[in-house]
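Peer 1:
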Amino acid sequence: MLPLNYVAGLGQLIRDLLSIGHVRTADGWSAVDHLLIAALLSDRSPKLRRFSEELAEQIDGWSESQPSEAKSLLFAEWVMGTATGSKAEELLGSLGLVGSGAKSGGQGQARKRAYVAMLGAIVLEERSRGVSVEDLERRWGIRGLGGIEEAYRDTVLWLLAGHAAVFELRSFFHHLKENCAAGPDQIRKAKRVLGRRRRQTFDLLERLNYCSPLGSLLRGVRELRRTREEPTVGIRTIRSLEESGVTSMEMLAQMDVAQLVASGVQRRYAEQIRGYLKRRMW
25 MLPLNYVAGL
35 GQLIRDLLSI
45 GHVRTADGWS
55 AVDHLLIAAL
65 LSDRSPKLRR
75 FSEELAEQID
85 GWSESQPSEA
95 KSLLFAEWVM
105 GTATGSKAEE
115 LLGSLGLVGS
125 GAKSGGQGQA
135 RKRAYVAMLG
145 AIVLEERSRG
155 VSVEDLERRW
165 GIRGLGGIEE
175 AYRDTVLWLL
185 AGHAAVFELR
195 SFFHHLKENC
205 AAGPDQIRKA
215 KRVLGRRRRQ
225 TFDLLERLNY
235 CSPLGSLLRG
245 VRELRRTREE
255 PTVGIRTIRS
265 LEESGVTSME
275 MLAQMDVAQL
285 VASGVQRRYA
295 EQIRGYLKRR
305 MW
């Protein structure tokens, strides 16, 4: 259901990553990479700010401040850097977004386009973790975000659902066998890596849907208890936890049932949460 050029660009990028480092390179993909691809490939992505070197420095600083598992592989490896050091044109070329010669605009234009797209990815990543529109406007110098954020988020939710379908072994099995000469062990590893990317997409969908860092909890508990008919954790539970100051899954993992109940969670849901977290830590 996604636009053909979008699927083709995403698929070619993954093939290129698998070719460069077989599975190792693709394994460094983070949630922000999904959002960066959506911002680059979608013709519905808003331009939140004009490019400037000041903006580039701000985005570089944000990227450096992220924990290693949350850093964008694509941005760090191909976009980040000065006008002469960035390899953004290679990334955009892999996505089918630039040609050669004058039409491509050169490396400088590719870098500018990639940085502006990265801002869009950062905004959605921050929103998915519960940062308010007002805080984002103030921090990033954006005007009118409140008027376009919901529509932008809806577009990306639709695109991410397509990502989940693309990140399957069958999509790249022929490429691994014929172009990468991958053996059985490499193919099994590729299947595990692509599976993690799909789960990553589902977690991101939940976070973006609710604009909460605890959004993945809903899907996790529901998946764990899908064969049972009793009610499960819902958005009210998430909001109760947020209001009590729980702002990450790491904080949640430190809480026992009594602490969850004290935070306003019904005991039955507190027990469901603890059961899921124990399973997750295994």
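Numbering-wise, the numbering used here puts 206 at position 182 of the sequence shown, and it's gapless, one number per residue. Beta carbons: idealized from backbone N, C-alpha and C, even for Gly.
(1) If you reduce the DSSP assignment to three classes, tell me which class residue 294 lands in.
(2) Among the residues of its own chain, which have a CB less than 7 Å from the CB of residue 235, if the five just before and after it don't count?
(3) Going along the chain, which residues of its own chain have a beta-carbon closer than 6 Å to the beta-carbon of residue 94, five neighbours each way excluded?
(4) Need the endpoints of the alpha helix (DSSP H) that residue 53 sits in, please.
(5) In terms of residue numbering, what span does the alpha helix (DSSP H) encompassing residue 207 cover?
(6) With DSSP collapsed to three states, give me the class of residue 222.
(7) Quick check on the burial criterion: 16 or more other C-beta atoms within 10 angstroms. Buried or exposed for residue 28?
(8) Among 170, 143, 171 and 229, which has the Cα closest to the Cα of residue 181?
(9) Could you check what DSSP says for residue 39 in three-state terms: helix, strand or coil?
(10) Buried or exposed for residue 11, going by 16 or more other Cβ atoms inside 10 Å?
(11) Using DSSP with H/G/I as helix, E/B as strand and the rest coil, what is residue 275?
(12) Rounded to the nearest angstrom, how far is the Cβ of residue 70 from that of residue 172, given a contact under 8 Å?
(13) So, are the CB atoms of residue 238 and residue 259 less than 7 Å apart?
(14) Could you tell me how far apart the beta carbons of residue 206 and residue 214 are, in whole angstroms, since I believe they sit closer than 8 Å?
(15) Please classify residue 282 as buried or exposed, where buried requires at least 16 neighbouring CB atoms within 10 angstroms.
(16) Please work out which residues of its chain come closer than 6 Å, Cβ to Cβ, to residue 222, disregarding the five sequence neighbours upstream and downstream, and give them in chain order.
(17) Just to confirm before moving on: does the CB-CB distance between residue 33 and residue 65 stay below 7 Å?
(18) Is the separation between the beta-carbon of residue 225 and that of residue 68 shorter than 7 Å?
Peer 2: According to the data block:
(1) helix
(2) 151, 152 and 154
(3) 54
(4) Premise fails: residue 53 is in no alpha helix (DSSP H) and is neither H nor E.
(5) Here residue 207 belongs to no alpha helix (DSSP H), and DSSP marks it neither H nor E.
(6) helix
(7) exposed
(8) 229
(9) helix
(10) Since the first and last residues shown for the chain are 25 and 306, residue 11 lies out of range.
(11) helix
(12) 5 Å
(13) no
(14) 7 Å
(15) exposed
(16) 188 and 191
(17) yes
(18) no
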